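A.B. asks: Quick mapping for you: the protein sequence lines, in order, are chains A, B, C and D.
Note that full-length UniProt numbering numbers the first sequence so that position 50 is 50, with each residue one more than the last.
Note that full-length UniProt numbering numbers the second sequence so that position 182 is 182, with each residue one more than the last.
Note that full-length UniProt numbering numbers the third sequence so that position 285 is 285, with each residue one more than the last.
Note that full-length UniProt numbering numbers the fourth sequence so that position 313 is 313, with each residue one more than the last.
Backbone N, C-alpha and C fix where the C-beta goes; we use that ideal spot for every residue, glycine too.
If you're wondering where the values come from, they're calculated on a predicted model, not measured in any experiment.
There's a structure below that I have some questions on.
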Amino acid sequence: MTTPAANPAATSAGSTAPATSAASAASPDVTSSELLSAVAARELAGRRTVFAGIGLPTLAASLAHLTVAPGLEVVYESGVCGAHPSHLPETIADAVLITDAEAVIPMPTLFGSVLQGGHIDVGFLGAAQIDKWGNLNSSVIGDWHRPRARLPGSGGANEVMANAAEVFVVMRRHDPRSFTEKLDFCTSPGPDRALADGIRPLGAGVTRVITELGILAREGVGEELRLAALHPGVTAEDVRAATGWDLQVAGDLSVIEPPTESELALLREDVDPERVYLR
Amino acid sequence: MTTPAANPAATSAGSTAPATSAASAASPDVTSSELLSAVAARELAGRRTVFAGIGLPTLAASLAHLTVAPGLEVVYESGVCGAHPSHLPETIADAVLITDAEAVIPMPTLFGSVLQGGHIDVGFLGAAQIDKWGNLNSSVIGDWHRPRARLPGSGGANEVMANAAEVFVVMRRHDPRSFTEKLDFCTSPGPDRALADGIRPLGAGVTRVITELGILAREGVGEELRLAALHPGVTAEDVRAATGWDLQVAGDLSVIEPPTESELALLREDVDPERVYLR
Amino acid sequence: MAVESAVTNGPADRTDRTDGTDGTRRGDSPADKTVTMREAVAAYVHDGDTVSLEGFTHLIPTAAGHEIIRQGRRDLTVVRMTADIVVDQMLAAGCVSRLVSSFVGNSSAGSLGELRRRVEHADPEPLAFEEYSHYGMICRYIAGAQRLPFYPLRSYGGSDLPGVNPALRKVTSPYPGPDGESEEIYVVPPVNPDVTFVHAQRADRSGNTQVWGLTGVQAEAVYAARKAVVVVEEVVEDEVVRSDPNRTLIPAHAVDAVVVCPRGAHPSFAQGYYDRDNAFYRSWSAISKDKERLTAWLAEWVHGTADHAEYVAKLGEEFWEGLAVGEAMSRPVNYGRRL
Amino acid sequence: MAVESAVTNGPADRTDRTDGTDGTRRGDSPADKTVTMREAVAAYVHDGDTVSLEGFTHLIPTAAGHEIIRQGRRDLTVVRMTADIVVDQMLAAGCVSRLVSSFVGNSSAGSLGELRRRVEHADPEPLAFEEYSHYGMICRYIAGAQRLPFYPLRSYGGSDLPGVNPALRKVTSPYPGPDGESEEIYVVPPVNPDVTFVHAQRADRSGNTQVWGLTGVQAEAVYAARKAVVVVEEVVEDEVVRSDPNRTLIPAHAVDAVVVCPRGAHPSFAQGYYDRDNAFYRSWSAISKDKERLTAWLAEWVHGTADHAEYVAKLGEEFWEGLAVGEAMSRPVNYGRRL
């Protein structure tokens, strides 16, 4: 299940794949949500368990389940394993996730035995800020003691980062304020910060950051996030300008194949036919 | 629910209670099990929760439930709370304890939240050896590494001693080998040994030892077991001779009222009509 | 109790919770612990107390929070993993001086206006905030329930949280790590609320409480507390509970009072009873952003209702029909009976 | 897996348990993990392994122990809270060199002859014995399941157990005790068996396992293990499991193989399926006390049967009628369905 280090995207930039026709697929009728969830889904190839919130992560997991990861199980923070919802859920605790689920377990078991126990392959996290090591801030903008904006805080994010084998981050905004040299506050540290604190991390931290500009990737301890793949029409300089640190670029930078007709059809007809999240 | 320190028995030696007629009730047709469970039941007056094994402790708890402790709940090591068995159970995990129970909980909850959490008023324990501080041995006779007799070990006894507010011990045998100056091995230490080990005990340890000769009692840290009450016809010297340490005698030594007709009727007709344990 | 008090520990003398002096407890069998919400809050919530309200998205004890507001409690420390609408309401009503939590937000639907004013602007007064992650809160409840001095967890390494929360500390393992070197791990301290409120589908009169669907951290929050109040959609006969003892999440011995309060979890939901009021969640961000609107809302819906039954009636039957759910019955299992 | 191996921890690289290289695992959905007991033991039990068999009086995985005997495994470390008849049998068959346990006895019915010969007389060979209390064993499983380096518990203070078991150690709490002084507590290390076997009433084909009645420490023992085998009375359709997701004690993601083996817990019991064979328990003390009788018993009932189905058939229908149980059905609950 290893993905080549700096080549996470489907189509290599130097390949003979139909980059032109692919680029045309990224036409204005493909929404940002469709693009991000289709690309994130591909990154889940071969994974078994995903810890995900509602929205883009579950769209990606659902699409992956229908394509590259047929055995994929989504585990929800609320304690639901193996959900079979009758309707698209509105929260991670939606009643439709519970009815017909394979298992509903207490939160101490979910966090202790499942997550900390090492059963999650990929955790999806969001954040207000991310730095080059994949450390995340979801607590405050400004000083914690008198913040300019108080954000929700960790929830289970600190635990997902510490315990999932890898973490994927999907960011709708790719700008220097979100991709920052220095976090206002570190809510969920990657393994490098953990090691510096004398704590042995259990997972690799953030390995993929998926945005509308491309994919940043790192593999584990000691590595920075590097630009690994670009959406058609985007340049490495575009991404470097949108990133608040001196972003390194992978030698084998690739171009991402736009969402295929088949992926779009699955998203639109099977995963979210009422376009609740595909806005 | 406090019991006067050194006067646990129903009838004071100096009282005007009908000691003679009571003594006659302790006639040969009262079995050892009937005697011990009737006396133990009285000691449960006002208690709410008892952690008990099958046999004498459950006979005592059942009788107490019908007499001096109507709200008494027996909690079983297996995870059963509020059992309503259709038949007399043969083990602490008997299927008849589960069906119709009020709650069946996982063992981590039982030991962690219920027992260690401080919800047990009285734990019943047995042992091969007991010393003057109420420390118990249920592991080996002889040296642990090459024992003359390997006994079952702690089970949950170590935890019951550490966490129940008080511990009652019912011993069928009262002789110097069982009531010993020095244990071959300390499986379940009372609070004095715990303190000496630098650990704060949570309960009082053994507060009552009930045998066919009488009742030994202590109230808590720093106190030895003292002879507190005698069965009719037994002298303090009889008990001292049967005890392997220099047993102290309470100043207000009392005489135990033998099982009453009413207690015997309940035991024989309601609690154990098939005389499974009333042998 | 004959235990030397010098050697007791953990939740200060747990035995006092059931000595009968509060007038609600056992002695006779079977105990009937049912009381009204008004009685429960009057008996178990005092100014300055530490109050836990648990229920993760599902079964949030909203009605308990509203009654605490009605009775005007002050200076409370509120312990709740997800500080959401009910916490924002208690803050706005001036009940709370300290918050212990791991998520402060209106679910995924937006912000808590009052909480943000308190934290960002000390408006109208500062709020002491003790911040954890979800598992940190869970472990605090577990340690509280199990009378442990601390609980270890693989969180916080490298985080800024220990820098703003001195309760997050490290312990060195007495066993070598996988590389043979010594190993450190973060720990959290126990929490022992003066009282915990949880909402559940049903209980018997003595407090054996059955929950299905998401069970969150309710059992641990109850066991950690000095007093525990279970709020239920319905009280059922003993035989109903006893037909399925594994469904009992909280045994009677851990419960001090049972409050019957149908629809007491609104705007959250009770699996199999009524669905979540997502529209109210979406509307809360705007209500709470405007202090006047928020005050008016509290005046109308909390202070303006005598109790939760009035609140429910005020919402109207048509409203509740909109949250009604259909049937998806569990298949029975056989517990067996000796022949 | 891209994680630096130098920084992984706990159960050595849990991810290897599901990478498909053992030929039994996922990738396709839904996985069918059903195998025979012979296949499960052949695949997951190797000489020298650490094997956990859990089930507290209820649902003891006897049939798994018998198949381990049939396949002649050697030098096993057996981890089991209550070392009882099945352990005595595995000892007598020469499978076990080390025992990790908190209770060594034939329930309340007497002694284990082979165990006592091994421990008291090193006959026919010594048995390494790592002794705990029940909660110590439970905490070792919890620590193993949760990848914790240690687990604290309020046991062992003043006991002689730490003197004979160096794994019992102390940690100083980083928080002051109730008297303001520092506080020490004993801890146990995690246990991570190579494989755990548990018995259960039912599972679906992918391993979602439902248990009722006593649930013991089975979930923790499974989560602590590198591989887990669930032995069930019956495999049921997915809809049965999904009608009551709270009944699922062990989710599929923690299970590597499902073995259908009716009556596989005999002489223990399966709540709602068959009762305990108390007569066999009572007879075991005499059988095991006499090495020749014990050897003959193993020859006839384990080596002399090809598998558990033969063992069951050999006991005969009349025998099983004696252990039959009547009906005591749980009342259904409503999980609700969105209208």
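Quick check: what's the CA-CA separation for residue 39/D versus residue 271/B?
C.D. replies: Distance between the alpha carbons of residue 39/D and residue 271/B is about 49 Å.
A.B. asks: Pick from 173/B, 254/B and 163/B: whose alpha carbon is nearest that of residue 157/D?
C.D. replies: Residue 163/B is the option with its Cα nearest to residue 157/D.
A.B. asks: Just to make sure I have the definition right: I need the residues of chain D whose C-beta is within less than 7 Å of the C-beta of residue 100/A. Which are they?
C.D. replies: 242, listed in chain order.
A.B. asks: What does the alpha-carbon distance come out to for the pair residue 64/B and residue 151/C?
C.D. replies: Straight-line Cα distance between these residues: approximately 38 Å.
A.B. asks: Cβ of residue 82/B less than 8 Å from any chain D Cβ?
C.D. replies: Closer than 8 Å: no.
A.B. asks: Going by DSSP, what residue range makes up the beta strand (DSSP E) through residue 185/D?
C.D. replies: Run containing residue 185/D: 184-188, per the beta strand (DSSP E) assignment.
A.B. asks: Give, in chain order, every residue of the segment 161-181 of chain B whose Cβ lies closer than 8 Å to some Cβ of chain D.
C.D. replies: Those would be 162 and 163, in chain order.
A.B. asks: Would you say residue 287/D lies against chain B (beta-carbon separation less than 8 Å)?
C.D. replies: Chain B, which has no Cβ nearer than 8 Å to the Cβ of residue 287/D, makes this no.
A.B. asks: Which complete alpha helix (DSSP H) runs does the segment 111-147 of chain D hold, if anything under 4 residues is left out?
C.D. replies: DSSP runs (the alpha helix (DSSP H)) wholly in the segment 111-147 of chain D: 113-121 and 134-145.
A.B. asks: Kindly identify the DSSP beta-bridge partner or partners of residue 124/A.
C.D. replies: Answer is 168/A, bridged to residue 124/A.
A.B. asks: Can you give the Cα-Cα distance for residue 109/A and residue 222/D, rounded to whole angstroms?
C.D. replies: In a straight line, the C-alpha of residue 109/A is about 12 Å away from that of residue 222/D.
A.B. asks: Could you tell me if residue 152/A is buried or exposed, where buried requires 16 or more neighbouring beta carbons within 10 angstroms of its beta carbon?
C.D. replies: Buried is the call here.
A.B. asks: Does any residue of chain D bring its CB to less than 8 Å from the CB of residue 137/C?
C.D. replies: Judged by the 8 Å Cβ criterion, residue 137/C is not in contact with chain D.
A.B. asks: Check distances from the C-beta atoms of the segment 190-220 of chain A to those of chain D and list, in chain order, the residues that come in under 8 Å.
C.D. replies: Hits within the stretch, in order: 191, 195, 200, 201, 202, 203, 204, 207, 219 and 220.
A.B. asks: For residue 81/B, which residues does DSSP report across the bridge?
C.D. replies: Partner(s): 75/B and 103/B.
A.B. asks: Assuming residue 199/C is part of the beta strand (DSSP E), what are its boundary residues?
C.D. replies: 195-203 is the extent of the beta strand (DSSP E) around residue 199/C.
A.B. asks: Can you give the Cα-Cα distance for residue 224/A and residue 123/A, rounded to whole angstroms?
C.D. replies: Distance between the alpha carbons of residue 224/A and residue 123/A: 19 Å.
A.B. asks: What separation, rounded to the nearest whole angstrom, lies between the Cα atoms of residue 267/A and residue 34/A?
C.D. replies: Whole-angstrom Cα-Cα distance: 7 Å.
A.B. asks: Return the bridge partner residues of residue 54/C from the DSSP annotation.
C.D. replies: Residue 54/C is bridged to 198/C.
A.B. asks: Between which two residues does the alpha helix (DSSP H) carrying residue 255/C extend?
C.D. replies: Looking at the DSSP string, residue 255/C is not in any alpha helix (DSSP H), and its letter there is neither H nor E.
A.B. asks: Nearest-angstrom Cα distance between residue 258/C and residue 252/C?
C.D. replies: Roughly 10 Å between the two C-alpha positions.
A.B. asks: Using alpha carbons as the reference points, say which of 92/D, 57/D, 32/D and 75/D lies closest to residue 296/D.
C.D. replies: With distances taken between Cα atoms, residue 296/D lies closest to 92/D.
A.B. asks: Looking at residue 66/D: is its Cβ nearer than 8 Å to the Cβ of residue 302/D?
C.D. replies: Yes, the pair counts as a contact, with Cβ atoms nearer than the cut-off.
A.B. asks: Report the neighbours of residue 275/C on chain A: residues whose CB is nearer than 8 Å to its CB, in chain order.
C.D. replies: Those are 95, listed as they occur along chain A.
A.B. asks: Using beta-carbon positions only, say whether residue 121/B and residue 49/B come within less than 8 Å of one another.
C.D. replies: Contact flag set, yes.
A.B. asks: Going by alpha carbons, who is nearest to residue 256/D out of 265/D, 276/D, 264/D and 197/D?
C.D. replies: Residue 197/D is the option with its Cα nearest to residue 256/D.
A.B. asks: For the segment 195-219 of chain D, which residues have a CB atom closer than 9 Å to at least one CB atom of chain B, in sequence order?
C.D. replies: Going along the segment 195-219 of chain D in chain order, one finds 212, 213, 214, 215, 216, 217, 218 and 219 with a Cβ nearer than 9 Å to chain B.
A.B. asks: List the DSSP bridge partners of residue 41/C.
C.D. replies: Answer is none; residue 41/C lacks a bridge partner.
A.B. asks: Hey, how far is the Cα of residue 195/D from the Cα of residue 173/C?
C.D. replies: About 25 Å.
A.B. asks: Please classify residue 257/A as buried or exposed, where buried requires at least 16 neighbouring CB atoms within 10 angstroms.
C.D. replies: Buried, by the Cβ-count rule.
A.B. asks: Quick one: what does DSSP say residue 76/D is sitting in, helix, strand or coil?
C.D. replies: Residue 76/D falls in the strand class under three-state DSSP.
A.B. asks: State yes or no: is the C-beta of residue 135/C within less than 8 Å of the C-beta of residue 153/C?
C.D. replies: In contact: residue 135/C and residue 153/C (Cβ atoms closer than 8 Å).
A.B. asks: Does the distance from the CB of residue 250/B to the CB of residue 230/B come in under 8 Å?
C.D. replies: For residue 250/B and residue 230/B, no; Cβs fall outside 8 Å.
A.B. asks: By the three-class DSSP mapping on this structure, what secondary structure does residue 22/B have?
C.D. replies: Only weak support exists for where residue 22/B lies, its pLDDT of 33 falling under 50; the value from the coordinates is given anyway. Residue state, collapsed to three classes: helix.
A.B. asks: To the nearest whole angstrom, what separates the beta carbons of residue 171/D and residue 187/D, a pair I think is in contact under 8 Å?
C.D. replies: The Cβ separation is near 5 Å, so the contact holds.
A.B. asks: Which residues does DSSP pair with residue 82/C in a beta bridge?
C.D. replies: Note: residue 82/C sits in a beta bridge opposite 103/C.
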